[in-house]
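Have a look at the structure below before the remarks.
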Amino acid sequence: TTGHKQTDHLRTVALVEMAVAFAVEHLAPGGSFCSKVFQGGATREVLETLKAHFKTVKHIKPPSSRAGSPEIFVVAKGFKGR
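Heads up: the sequence shown at position 34 corresponds to 34 in UniProt numbering, and the numbers run straight through without jumps.
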């Protein structure tokens with residue numbers, strides 16, 4: 001991380017976008033995807049992309065996560081295929 005919140009968020013979202021693109025290219029139909037994501041302005045696009053390719057998409061904030069932390073986990077199930 002750089003210590004600059006906006007820069008760190010954009011870089012993290014870019015990594016998640018690359019992981020989603022890899023999953024879309026390589027998952028078998030019915031497959032699942034899970035990733036840690038930090039909530040912010042660009043998170044919505046990632047969720048919309050996942051919703052387009054998976055039957056169900058849920059985001060979860062585990063009880064162990066600090067209340068002030070923007071981290072969530074995204075679980076997408078039922079890959080629709082390419």
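Where is the CB? At the ideal position from N, CA and C, for every residue including glycine. Only a predicted model underlies this, so the values are computations on that prediction, with no experimental measurement involved.
Margin query: Suppose the cutoff is 8 Å on Cβ atoms and the five residues either side in sequence are ignored; what does the same chain contact list for Glu71 look like?
Written below: Your numbering for residue 71 matches position 71 in the sequence shown. Excluding positions up to five away in sequence, the list reads Lys36, Val37, Phe38, Gln39, Lys61 and Ser65.
Note to self: I'd like to know whether the C-beta atoms of Phe79 and Leu27 end up nearer to each other than 8 Å.
What the structure shows: Taking the sequence shown and counting its residues from 1, one reaches residue 79 at position 79. Taking the sequence shown and counting its residues from 1, one reaches residue 27 at position 27. Cβ distance < 8 Å, so Phe79 and Leu27 count as in contact.
Check: Hey, how far is the Cα of Pro29 from the Cα of Gly41?
Finding: By one-based count along the sequence shown, residue 29 stands at place 29. By one-based count along the sequence shown, residue 41 stands at place 41. About 30 Å.
Margin query: Rounded to the nearest angstrom, what separates Lys5 and Thr56 at their Cα positions?
Written below: Taking the first residue of the sequence shown as position 1, residue 5 is located at position 5. Taking the first residue of the sequence shown as position 1, residue 56 is located at position 56. Across the structure, Lys5 and Thr56 are spaced so that their CA atoms are roughly 30 Å apart.
Item checked: Supposed close pair Val20, Phe33 - CB separation, criterion 8 Å -> In the sequence shown, the residue the question calls residue 20 occupies position 20. In the sequence shown, the residue the question calls residue 33 occupies position 33. Rounded, the Cβ-Cβ distance is 7 Å, consistent with contact.
Check: alpha helix (DSSP H) containing His53: first to last residue?
Finding: In the sequence shown, counting from the first residue as 1, residue 53 sits at position 53. Residues Thr43 to His53.
Check: Apart from the five residues on each side of it in sequence, which residues of its chain come closer than 6 Å, Cβ to Cβ, to Val24?
Finding: Stepping through the sequence shown from its first residue, residue 24 is reached at position 24. The beta carbon of Val24 sits closer than 6 Å to the beta carbons of His53 from its chain, once the five residues preceding and following it are set aside; these are given in chain order.
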